[in-house]
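First up is the structure itself, then whatever we jot down about it.
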Amino acid sequence: MANPQSKALITSCIRKRIGNGLDSFFWHDTWIGEVPLKVRCPRLYLIANSKNATVAENCFWDGLGWKWTLIWRRNLRPQDMVEHQALHQSLSQVHLSPQDEDSFSWSPHKKGWFSVKSFCFELAKSDAHCPNSVVPGIWRGLVPHRVEIFTWLALLRKLNTKDRLVRLGIIDVALSHCVFCNASQESCDHIFLQCPMAWSLWSWWLSVWNVHWSFPSSPREAFDQWTPPKKGRFFKKIWAASFLIIMWTLWKERNSRCFENNFSSLAQLQDLVILRLCWWIKGWDDPFPYGPNEVLIYPQCLDWSSAVSSSHIPKAPVSWSPPDPSCYKWNVDASLKLSCSKSAIRGVLRDCHGRFLCLFSSPIPFMEINHAEMFAIQRAIKLSSSIGCLSGAKMMVESDSLNAVSWCNGNADGPWNLNFVINFIRNAMRCDSGIEITYKSRESNVVADLLAKQGLSRADEFVAWL
Ligand SMILES: [Zn+2]
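Take the sequence shown: its position 210, counting from 1, is numbered 1098 in the working numbering, and each next residue is one higher.
Have a look at this one:
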C-alpha cells in the first residue's frame, strides 16, 4: 500500500478476531473496542511489564473462566484506576477458543468480509470532509439513491476505475485499458468524458436539444456546466436527471463489458438512457403523458409542461396545416451526415386533427439528399398501403425536396439510377388516385426534419403505429 490514505484506512478498519489469542498483540492490535488497547489505556500501557505480549500470554483458563494476569512495573495509583476498571470490564467479556486461530476481519462489513468495493467506498467516505466533496444539485431524488451516490463518487473520481485499482496495487497496469476503446487507460475522466464512446453518447443527447458544449476536462466540470437549454420546470428536472442517467448508463455498460462480456451499441445505449429516464419519471409527481415509445421516437416531447399540454401526442408545429377530414397526411424528410457518411429517412403520418398515426425512421445508405427524399416518399406510400384501414383514404405526402416532388409527379425526368423508386411511386399514384405528393418548405416540416436528424444514429428501422 503506497498510498498513505489507504494505509491509514487499512489500519483503522482491519480488526483481529480472537481465537486462541496466540497470534494477536494484546496492546497493539485492535481486538476489543474500536482502537488498540495502548490507545484506549495509555497510562496502563506505559507501566505494562510486557508491551509486546500476545493476548494468550496475558491470560489462562482456570477451569471456570479466563483469568487475566497483567503485570505492572509499579503499583497502581488512584489515577490509574479509571483505566484499570474499564480494561477489566472489557476483558471480562472475552472468551478465547483454543481450537481456533486468530483471524483478520474488516470492520465496515457486518460479517467482517473484506472486498475491494467496500474498501474503495470507505476510502471515499474518509474523504467526505474535504470541501470538494460537497456537490450541490445531485441529491434531488430524481433518480434512485444508489445512482446519486454513484454519480457523487464518479464526480470525486472515487469509483473503482482501473487507474485507481492500479494505484492501490490491486491490479496490474497491463490490465487497465478502457473496455470501450481499448486505446487508453480507464479513469473516471476517460470513461465518462474523454472516451469516444462516452463523448458520442453525450453528443447525441446534446444534439437532441441543439446544445453546443465545449469539451469539459472532468465529470465534475461537466456537472457544474450542466445548465438546461430550456426554462420549463419539468424540463429542468429532465435535464438534471439526464446527467446522472448518462453517467450511470456508461458505468453499467462498462461493468457489463468487463464482467459479463456483454456489449451494447451506441444506439442501444441511447435507448437505455431514454428508457431509464421514462422509468424514473414515473416516480416524480408530474403527470407526464408520454410513454417510452413516444419518447424514443420523439425525445423533444420531454420538453413538456402540465400547464400547456394535456394531449397524449406531441403538438404539431403551428405552421403545419391539417388535411381534409377524409384525408391523411405524411410529412417525410431525409438527412445526411457527411462526417459519418450516413443518411436517414423519416416520416410522420397525421390525420385532420393533427393526431400522429405512424412514425418511421430508417437508416439508408449514404446518398444525395434528393435521392434520399425519394426513398422517404416510397417508404411512406409502402407503409400506408400495408394498413387496411387506410386503403381508399386520400393520402397526401409532403416533402421539402422540390426535385423529388417533380420526379414523382412526372414533371421532370429523375436520375436513371432511381428509376425503380420513381416507377414504384408513379405506379402507386396511377393505381390509387387518392395519393397526392406535394412540396412543403422545410419550416413547416419541422417534425419530420427533427425525426430524420435523430434517425442518423439509429442502426435499425423503427416503425411505430400509434
Ligand atoms: Zn475509452
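All residues carry an ideal CB built from backbone N, CA and C; glycine is no exception. The structure presented is a predicted model; accordingly, all values stated were derived computationally and were not measured.
Is it true that the CB of residue j sits closer than 7 angstroms to the CB of residue i?
{"i": "TRP1356", "j": "CYS1246", "result": "Within the shown structure, residues of the chain are numbered from 889 to 1354, placing residue 1356 beyond reach of any answer."}
{"i": "ALA944", "j": "LEU910", "result": "yes"}
{"i": "LEU1132", "j": "THR1039", "result": "yes"}
{"i": "GLY921", "j": "ARG931", "result": "no"}
{"i": "ASN1258", "j": "ASN1291", "result": "yes"}
{"i": "ALA1222", "j": "GLU1256", "result": "no"}
{"i": "PHE1122", "j": "PRO1116", "result": "no"}
{"i": "MET1317", "j": "ILE1323", "result": "yes"}
{"i": "ARG905", "j": "SER991", "result": "yes"}
{"i": "VAL1067", "j": "CYS1166", "result": "no"}
{"i": "ILE1266", "j": "ILE1313", "result": "Inspection of the sequence shows that residue 1266 is occupied by Gln rather than by Ile. Yes, the pair counts as a contact, with Cβ atoms nearer than the cut-off."}
{"i": "LEU1030", "j": "ALA1129", "result": "yes"}
{"i": "LEU1157", "j": "LEU1089", "result": "yes"}
{"i": "SER1214", "j": "LYS1282", "result": "yes"}
{"i": "TRP949", "j": "VAL1035", "result": "no"}
{"i": "ASN946", "j": "ARG961", "result": "no"}
{"i": "ASP968", "j": "GLY907", "result": "no"}
{"i": "LEU1163", "j": "GLU1010", "result": "no"}
Pull up the DSSP beta-bridge partners for residue i, would you.
{"i": "TRP1218", "result": "LEU1237 and VAL1285"}
{"i": "ALA1352", "result": "LEU1247"}
{"i": "ILE1277", "result": "Residue identity differs from the one stated: residue 1277 is Cys in this sequence, not Ile. Partner(s): none; CYS1277 has no beta bridge."}
{"i": "SER993", "result": "ARG903"}
{"i": "TRP949", "result": "TRP954"}
{"i": "SER1064", "result": "DSSP, once it has assigned bridges, lists no residue as partnering SER1064."}
{"i": "GLU1324", "result": "MET1284"}
{"i": "GLN1073", "result": "HIS1065"}
{"i": "PHE1007", "result": "Answer is none; PHE1007 lacks a bridge partner."}
So what's residue i in DSSP terms, helix, strand or just coil?
{"i": "SER985", "result": "coil"}
{"i": "ARG903", "result": "strand"}
{"i": "THR942", "result": "strand"}
{"i": "PHE1111", "result": "helix"}
{"i": "LYS838", "result": "The requested residue 838 does not occur in the structure, where the chain is confined to residues 889 to 1354."}
{"i": "TYR1186", "result": "coil"}
{"i": "LYS955", "result": "strand"}
{"i": "SER1197", "result": "Low confidence applies to SER1197: its pLDDT is 46, below 50, so where it sits in the model is not reliable enough to give any reading."}
{"i": "LEU1224", "result": "strand"}
{"i": "LEU897", "result": "helix"}
{"i": "TRP960", "result": "strand"}
{"i": "PRO1205", "result": "Unreliable placement is indicated for PRO1205, whose pLDDT of 44 sits below 50; no coordinate value is reported for it."}
{"i": "PHE914", "result": "coil"}
{"i": "ILE1252", "result": "strand"}
{"i": "ALA936", "result": "strand"}
{"i": "TRP1097", "result": "coil"}
{"i": "VAL1054", "result": "helix"}
{"i": "ARG1045", "result": "coil"}
{"i": "PHE1103", "result": "coil"}
{"i": "LYS926", "result": "helix"}
{"i": "ALA1316", "result": "helix"}
{"i": "ARG1142", "result": "helix"}
{"i": "GLU971", "result": "helix"}
Is there contact between the region 995-1011 and the region 953-970, where contact requires at least three CB pairs shorter than 8 angstroms?
no
Residues proximal to ligand 1 by C-beta, any heavy atom closer than 5 angstroms:
CYS1066, PHE1068, CYS1069 and CYS1083
Are the region 1294-1302 and the region 1228-1242 touching by the rule of at least three beta carbon pairs closer than 8 angstroms?
no
For the structure I just gave you, are there three or more beta carbon pairs, one from the region 1063-1082 and one from the region 1041-1053, closer than 8 angstroms?
yes
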